[in-house]
Amino acid sequence: MTITSTRSAARVTDSRPVRLAPLDILGLGLLGIRTRKVRAALSALGISIGIATLIVVTGIPASSQKALMKELSALGTNMLQAVPARQDPPVLLPPESVDMARRIGPVTAASGVANTHAEVFRNDRVSAADYAGLTVLASKLDLLQVINAEVGSGRFLSAGTEKFPTAVLGSVAASRLGIPKITAGQPAPQIFINRRWFSVIGVLDKTPLSPDIDRSVLVGWDAARGLLKFDGHPTVIYLKAKESQIEAVRDVLPATINPELPGLVQVSRPSDALAAKRATESTFSALFLGLAGVALLVGGIGVANTMVISVLERRREIGLRRALGANRGQIRAQFLTESVVLSGLGGLAGTVLGTLATIAYATHQHWPPVVPLTSVSTGFGGAILIGMLAGVYPSLRAARLTPTEALR
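Reminder that position 278 of the sequence shown reads as 278 in this note's numbering, one-by-one numbering, no gaps.
Okay, here's the thing in structure tokens:
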């Protein structure tokens with residue numbers, strides 16, 4: 001009785017299906033790829049074209065968008081300007097108002113200028129009427145970076161020159177005063193301001209965002225106090241803020257820089273370019289999603305079609321493996337693994353091709369190359385997911401074939 005029971009248990013144990021290790025399943029999945037290299041290459045090419053298309057149709061518009069955003073940002077989308085209201089007697093901003101503006105959280109930079117009401121002359125022998133319309137402004141040292149201005153020749157005011165009689169000319173002021181540029185190695189030209197000689201150390205390029213600066217002569221804040229009897233009250237405050245918070249900064253700016261009379265502070269409205277920039281970002285985002293979906297759909301259909309044909313062509317192989325003891329789960333795992341590997345290889349190749357194509361085209365167009373990380377990860381991850389989905393039906397169909405039906 002004991003011997004019979006032992007033999008029965010042995011037969012039951014021997015009839016259990018053999019479990020395949022993950023590496024064995026991977027080897028079976030690679031079998032169809034290795035034995036049908038041309039077909040596998042063409043199938044992988046289909047998915048790689050789909051993934052490369054996904055990266056290209058997202059990367060090239062992203063590069064174009066970045067170039068466009070850079071141009072729009074140069075139009076002052078993140079800039080505001082505050083001035084006191086015009087009335088009699090004149091409204092004066094507190095001397096510390098520029099520093100107060102810098103303390104607003106979203107503000108990234110702030111600077112200011114002040115009208116000294118001084119008169120400027122080319123020399124001490126000409127009439128003041130010859131240079132009417134030019135303004136002498138006391139300037140903070142960080143003015144240029146806030147208004148996106150650049151020095152055309154010479155240099156701008158610095159900590160070493162702001163206390164001395166030195167000046168920087170706007171482009172129009174330089175033309176009117178007959179000093180178009182500063183030549184290195186030559187003595188600095190001089191101009192006459194309120195009966196004092198000032199050395200011109202720099203000339204600015206045109207400043208389209210702040211045209212008033214073009215018609216101005218800029219002197220150091222401390223020099224204006226000591227030499228031109230400047231009272232220290234700024235007349236224009238320029239600032240940059242985070243674009244997403246520009247409206248909030250505009251709302252709190254008057255009460256921040258002039259707490260006693262916030263109603264007498266006028267703040268410019270955000271640039272129209274900011275609205276255009278936001279609309280462009282929204283449009284590009286919708287375009288990216290649409291193009292990415294189409295590319296992934298095309299690649300998925302190609303892999304699914306390849307795997308269905310593979311099942312039809314390999315029915316004898318399936319029948320033979322079933323007759324030798326392979327169960328339905330092992331057949332499903334084999335074809336599903338083959339589909340995923342095929343899609344993964346195509347996704348990897350497509351990612352490389354798409355990235356190189358995007359960089360090459362953006363460089364040719366003189367755009368900053370942008371390959372969205374989400375597109376790369378979505379492309380490769382999407383290829384794996386598509387391989388799994390595309391392999392489900394073919395693997396189920398293969399597993400449903402009986403040995404006799406497959407071999408017949």
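All C-beta atoms, glycine included, are put in the ideal place defined by N, C-alpha and C.
Predicted model, so just to flag it, every value in this text is computed and none were measured.
Residue j and residue i - do their beta-carbons sit closer together than 9 angstroms?
i      : j      : result
Ala223 : Glu162 : yes
Pro262 : Ala62  : no
Ile237 : Ile257 : yes
Ala413 : Leu228 : What the structure shows of the chain is the stretch from 1 to 408, and residue 413 is not part of that stretch, so it cannot be assessed.
Gly160 : Gly202 : no
Leu169 : Val217 : yes
Val370 : Gln65  : yes
Ile104 : Ser343 : no
Pro180 : Pro95  : no
Gly381 : Ile55  : no
Ala349 : Leu45  : yes
Measuring straight from C-alpha to C-alpha, what distance separates residue i and residue j?
i      : j      : result
Pro254 : Gln81  : 11 angstroms
Val392 : Ala40  : 18 angstroms
Thr135 : Glu119 : 7 angstroms
Ala109 : Ile301 : 53 angstroms
Ile309 : Thr355 : 31 angstroms
Ser244 : Pro211 : 26 angstroms
Leu141 : Thr166 : 13 angstroms
Asp14  : Thr337 : Bear in mind that the predicted position of Asp14 carries a pLDDT of just 48, short of 50, making it unreliable; the figure below should be weighed with that in mind. Approximately 27 angstroms between the Cα atoms of the pair.
Ala85  : Ser268 : 12 angstroms
Val249 : Gly59  : 33 angstroms
Val146 : Arg196 : 29 angstroms
Leu433 : Asn305 : Summary: the structure shown does not reach residue 433, with the chain confined to residues 1 through 408, and so no result is reported for it.
Val151 : Pro368 : 25 angstroms
Thr374 : Val107 : 30 angstroms
Report whether the distance from the Cβ of residue i to the nearest heavy atom of the ligand SAM is below 8 angstroms.
i      : result
Arg400 : Inclusion of the ligand SAM in the displayed structure is not the case, the ligand content being empty and no account of it being possible.
Helix, strand or coil: how does DSSP classify residue i here?
i      : result
Val57  : helix
Ser5   : With a pLDDT of 49 at Ser5, under the threshold of 50, the predicted position of this residue should be treated as unreliable, and no value is reported.
Phe433 : Beyond the ends of the chain as shown, which are 1 and 408, falls residue 433; an answer cannot be given.
Asn194 : coil
Asn305 : helix
Pro211 : helix
Phe121 : strand
Is residue i buried or exposed, if buried means 16 or more other CB atoms sit within 10 Å of its CB?
i      : result
Ser127 : exposed
Asn123 : exposed
Val219 : buried
Val57  : buried
Would you say residue i reaches chain C, if we count a Cβ-Cβ gap shorter than 9 angstroms as a contact?
i      : result
Thr207 : Checking the listed chains, one finds no chain C in this structure; it contains a single protein chain.
Would you check if there are 3 or more beta carbon pairs closer than 8 angstroms linking the region 354-362 to the region 333-344? In the pairwise beta carbon analysis, the region 354-362 is classified as not touching the region 333-344: fewer than three pairs are separated by under 8 angstroms.
May I ask you to verify whether the region 43-56 touches the region 199-217, counting CB pairs closer than 8 angstroms and requiring at least 3? The region 43-56 makes no contact with the region 199-217: fewer than 3 CB pairs, one atom from each, lie closer than 8 angstroms.
Contact between the region 96-113 and the region 184-202 (3+ Cβ pairs under 8 angstroms): Between the region 96-113 and the region 184-202, the count of Cβ pairs shorter than 8 angstroms is below three; the stretches do not touch.
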